[in-house]
Amino acid sequence: MASSIARGFRGGLTKGLQRAVKPSISTPARRAFATPVGQSSMKSTTLSNGFTIATEHAPYAQTSTVGVWIDAGSRAETDRTNGTAHFLEHLAFKGTQKRTQNQLELEIENMGGHLNAYTSRENTVYYAKAFNSDVPATVDILSDILQNSKLEPSAIERERDVILREQEEVDKQMEEVVFDHLHATAFQNQPLGRTILGPKENIQSIQRNDLENYIKTNYTADRMVLVGAGGVPHEQLVELAEKHFSKMPQQNPNSQPSAAVRGLEAKPDFVGSEVRIRDDTMPTANIAIAVEGVSWKDDDYF
1068 MASSIARGFR GGLTKGLQRA VKPSISTPAR RAFATPVGQS SMKSTTLSNG FTIATEHAPY
1128 AQTSTVGVWI DAGSRAETDR TNGTAHFLEH LAFKGTQKRT QNQLELEIEN MGGHLNAYTS
1188 RENTVYYAKA FNSDVPATVD ILSDILQNSK LEPSAIERER DVILREQEEV DKQMEEVVFD
1248 HLHATAFQNQ PLGRTILGPK ENIQSIQRND LENYIKTNYT ADRMVLVGAG GVPHEQLVEL
1308 AEKHFSKMPQ QNPNSQPSAA VRGLEAKPDF VGSEVRIRDD TMPTANIAIA VEGVSWKDDD
1368 YF
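Heads up, the sequence shown is in our numbering, so the first residue is 1068 and it goes up one at a time.
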């Protein structure tokens, strides 16, 4: 395609210009706008309790993004507890043993930072963006949220209504609805087939002990990665991780795994099939197609 366009363009040039743009045989061909890839500055360190630190250092950057990626999302739930991971994410910023919700918000606001979180089927992520000088305070906040959330009953009830309203909004977004059905069809009767928010009846019934059990089972050091990108040096983030996360417990290899953990560790089976939800009142159709691919751990993954 590119060569045919070039020939067509040259056909409209004068002979003098054609001679000027004619490539020299002795000059090697070069891709236009190509950018050389520099050597990767990614580093990784694992603490004795299994907690991992990974960084991509940009020495001239004035800001950094740091976050904790947890190997647990809605996939680490059962049918009865589906929605717990997302519910827990909502409660993360509602206060800890050290900070009230207002103190958390003011601390981030005063440093000009940004604090957020999200839940997917395979991960829960808490992250913050801040100036390099504020990275220590940012990691302290992330550590506090992950290890000391109060999970107050009043906050749970308030967030229950918030999540129910969020679910109503998601149900109006056809792209979200289509992909939920796509997962449910591709991974029938399996953890990956469940929705992230969970069914309405679960949202209405999730209690504090469900949240605490999820934390105890999944928020372990060996399933967490502290990631930093930007101006924060790797060595600094390792020191901060040792200060704030080195005492976190790791999963007991001798303990009997729960049903949720067994489901998380089991290799998913791609079932597939076709599902159609017809609504003649809608002017458009929303379609999604999925095919089975290799695991990202596979040797054939590209």
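Every residue gets a Cβ at the ideal spot worked out from N, C-alpha and C, and that includes glycine.
Only a predicted model underlies this, so the values are computations on that prediction, with no experimental measurement involved.
* Asked: Could you check where the beta strand (DSSP E) with Tyr1193 kicks off and where it finishes?
  -> In the sequence shown, the residue the question calls residue 1193 occupies position 126. Note, Tyr1193: beta strand (DSSP E), 1191-1198.
* Asked: Between the C-alpha atoms of Asp1346 and Ile1282, what's the straight-line distance to the nearest angstrom?
  -> The sequence position of residue 1346 within the sequence shown is 279, counting from 1. The sequence position of residue 1282 within the sequence shown is 215, counting from 1. The alpha-carbon atoms of Asp1346 and Ile1282 are separated by roughly 40 Å.
* **Where the alpha helix (DSSP H) containing Ile1282 begins and where it ends** => Here the question's residue 1282 lines up with position 215 in the sequence shown. 1275-1285 is the extent of the alpha helix (DSSP H) around Ile1282.
* Under the rule that 16 or more other beta-carbon atoms within 10 Å means buried, what is Ile1230, buried or exposed? -> By one-based count along the sequence shown, residue 1230 stands at place 163. Flag for Ile1230 reads buried.
* Asked: What does Val1135 pair with, by DSSP beta-bridge criteria?
  -> Your numbering for residue 1135 matches position 68 in the sequence shown. Note: Val1135 sits in a beta bridge opposite Tyr1193, Leu1293.
* Return the CA-CA distance between Phe1154 and Leu1218, expressed in angstroms with no decimal places. => Stepping through the sequence shown from its first residue, residue 1154 is reached at position 87. Stepping through the sequence shown from its first residue, residue 1218 is reached at position 151. Whole-angstrom Cα-Cα distance: 11 Å.
* Based on the DSSP secondary-structure assignment, which residues constitute the bridge partners of Asn1183? -> Counted from its first residue, the sequence shown places residue 1183 at position 116. Asn1183 is bridged to Tyr1194.
* Count the other CB atoms, across all protein chains shown, that sit within 10 Å of the CB of Gly1260; report buried if there are 16 or more and exposed otherwise. => As a working note, residue 1260 is residue 193 in the sequence shown. The residue is buried, with at least 16 neighbouring Cβ atoms inside 10 Å.
* Rounded to whole angstroms, how far is the Cβ of Ser1131 from the Cβ of Gly1298, which I believe are closer than 8 Å? -> Here residue 1131 is taken as the residue at index 64 of the sequence shown, counted from 1. Here residue 1298 is taken as the residue at index 231 of the sequence shown, counted from 1. Between Ser1131 and Gly1298 the beta-carbon gap is near 5 Å, inside 8 Å, which marks them as a contact.
* To do: Count the C-beta pairs between the segment 1140-1152 and the segment 1182-1195 that are closer than 8 Å, then say yes if the count reaches three, no if not.
  => yes
* Between the segment 1117-1127 and the segment 1299-1313, are three or more C-beta pairs nearer than 8 Å? -> Touching, per the Cβ criterion.
* Looking only at C-alpha atoms, which of Glu1309, Arg1290, Ile1208 sits nearest to Gln1164? -> Along the sequence shown, one-based indexing puts residue 1164 at 97. Ranking the options by Cα distance to Gln1164, first place goes to Ile1208.
* Leaving out five residues on either side along the sequence, give the residues of the same chain with a beta carbon under 6 Å from the beta carbon of Leu1114. => Locating residue 1114 in the sequence shown gives position 47, counting from the first residue. Excluding residues within five positions, the ones whose Cβ falls inside 6 Å are Ser1313.
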